[in-house]
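Take a look at the structure below.
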Amino acid sequence: MPVVCRAGDFVAVARQLARQSYLGVINGLTQALALESALASSLSSLEGNRMGLEIGTRRNLDVLNALSQVADSRQRLIKARIDGILAQVKLKAAVGRLSEEDIAGLNALLD
Numbered sequence: 001m002p003v004v005c006r007a008g009d010f011v012a013v014a015r016q017l018a019r020q021s022y023l024g025v026i027n028g029l030t031q032a033l034a035l036e037s038a039l040a041s042s043l044s045s046l047e048g049n050r051m052g053l054e055i056g057t058r059r060n061l062d063v064l065n066a067l068s069q070v071a072d073s074r075q076r077l078i079k080a081r082i083d084g085i086l087a088q089v090k091l092k093a094a095v096g097r098l099s100e101e102d103i104a105g106l107n108a109l110l111d
């Protein structure tokens, strides 16, 4: 028995995909903003630990832990930005607005 799909089904699926993609864009932007604050905090902590090491109130291990936190914050921020870019591409594709210029821009980011 053949499966019959109505045009309304395709429209509903397209709307749902567009909604999900839009929420992905918003989530990516919000997450990137929060992670930028976390990175700034990590950098401030690192600076404080370095100064503490210089005057003898902190240990080298504290500085290394702070460095690790900075690296983790940077990695999470980069991932959030990439996820946001992918969500934008998915949104444009879902609404039929993905262009060759968009693809060229993505390729330029990867070079």
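In our numbering, the protein residues as written are 1 to 111. Virtual Cβ for every residue (Gly too), placed ideally from N, Cα, C. Being a predicted model, the structure only gives us computed values, none of them experimental.
- Nearest to LEU35 by alpha-carbon distance, out of ALA12, ALA94, ARG81 and ALA14, is ARG81.
- Note that the C-beta distance between SER42 and LEU91 is not below 7 Å.
- Between the C-alpha atoms of ALA87 and ARG76 there is a straight-line separation of about 16 Å.
- Three or more beta-carbon pairs separated by less than 8 Å are not found between the region 95-103 and the region 54-74, which leaves the two stretches without contact.
- Counting every other CB atom within 10 Å of its CB across the protein chains shown gives SER44 a total below 16, marking it as exposed.
- For SER37, the number of other beta carbons within 10 angstroms of its own is below 16, and it is reported as exposed.
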